[in-house]
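Numbering (full-length UniProt numbering), first residue to last: 21 to 196.
Right, one structure below, let's go through it.
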Ligand code: RP5
């Protein structure tokens, strides 16, 4: 196939376009959502992370959702706590897949967040993950799985990641 100048990486190339967006309702969600960001970084997936609050900055949320597809985002990981409408409202405004992460809340420990995110009415889905750190990491792994369908390098990395876990589990010992 023909190589075009734009195909050739160069020192002056623009920063890599994010493939996955990580959004959250507050900086207080970062302790949880950093686990999604760390996982994407581990796999070398170009990503961005920012606060986009559904109820404090609804116009920004709509703008983010409207631009997600045109900007080339292939998945949006959205974390929020309490009456967690960020993932659902994001999904309402874009057909880019939205992966929802329930963040543990102070009073209801994230069960409110989980129910708010998982109970989307038929027609506008949000793929919902576990409450907290595991959910954030798994949302990133799920995004990696989706991207890996069309990215063989990423698929190889994902298989290696799974193999490491297999080896670690086989090496587990018990105190008896
Ligand atoms: C939600 O309210 C956020 O997603 C966060 O989990 C929760 C509390 O936000 P802060 O009061 O800590 O900013 O919007």
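We put the beta carbon where it would ideally sit given N, CA and C, even for glycine.
From a predicted model like this one, the values you see are computed outputs, not experimental measurements.
| said: Could you give the first and the last residue of the continuous alpha helix (DSSP H) run that contains residue 72? | reply: Looking up residue 72 in the chain shown gives position 52. Premise fails: residue 72 is in no alpha helix (DSSP H) and is neither H nor E.
| query | DSSP state of residue 35, grouped into three classes? | reply | For the purposes of this step, residue 35 is taken as residue 15 along the chain shown, with counting starting at 1. Three-state DSSP puts residue 35 in coil, outside helix and strand.
| message | Can you look up residue 137 in the DSSP assignment and give me helix, strand or coil? | response | By one-based count along the chain shown, residue 137 stands at place 117. Residue 137 sits in a helix when the DSSP states are folded into three classes.
| message | DSSP three-state label for residue 100, please. | response | As a first step, residue 100 must be located in the chain shown, where it is residue number 80. Residue state, collapsed to three classes: strand.
| query | Which value, in whole angstroms, describes the spacing of the CA atoms of residue 269 and residue 55? | reply | Lying before the first or after the last residue shown, residue 269 is absent from the chain, which here runs from 21 to 196.
| request: Name the residue from 88, 186, 84, 109 whose alpha carbon lies nearest to the alpha carbon of residue 140. | output: To locate residue 140, count along the chain shown from 1; it is residue 120. It is 109.
| said: For residue 38 and residue 196, I'd like the C-alpha separation in whole angstroms. | reply: For the purposes of this step, residue 38 is taken as residue 18 along the chain shown, with counting starting at 1. For the purposes of this step, residue 196 is taken as residue 176 along the chain shown, with counting starting at 1. C-alpha of residue 38 to C-alpha of residue 196: approximately 48 Å in a straight line.
| Which residues bound the beta strand (DSSP E) around residue 44? | Position 24 of the chain shown, counted from the start, is the residue given in the question as residue 44. Start and end: 40 to 44.
| Smallest Cα separation from residue 156: which of 82, 101, 76? | Counting from one through the chain shown, the residue named residue 156 turns up at place 136. Minimum Cα-Cα distance from residue 156 among the listed residues 82, 101, 76 corresponds to 101.
| said: Measuring straight from C-alpha to C-alpha, what distance separates residue 112 and residue 144? | reply: Position 92 of the chain shown, counting from 1, holds the residue named residue 112. Position 124 of the chain shown, counting from 1, holds the residue named residue 144. Rounded to the nearest angstrom, the two C-alpha atoms are 6 Å apart.
| query | Taking Cβ positions, are residue 166 and residue 95 nearer each other than 7 Å? | reply | For the purposes of this step, residue 166 is taken as residue 146 along the chain shown, with counting starting at 1. For the purposes of this step, residue 95 is taken as residue 75 along the chain shown, with counting starting at 1. The Cβ-Cβ distance between residue 166 and residue 95 falls below 7 Å.
| Residue burial classification, residue 193 (beta-carbon count within 10 angstroms, cutoff 16) | One-based indexing of the chain shown puts residue 193 at position 173. Classification of residue 193: exposed, given that the 10 Å Cβ count is below 16.
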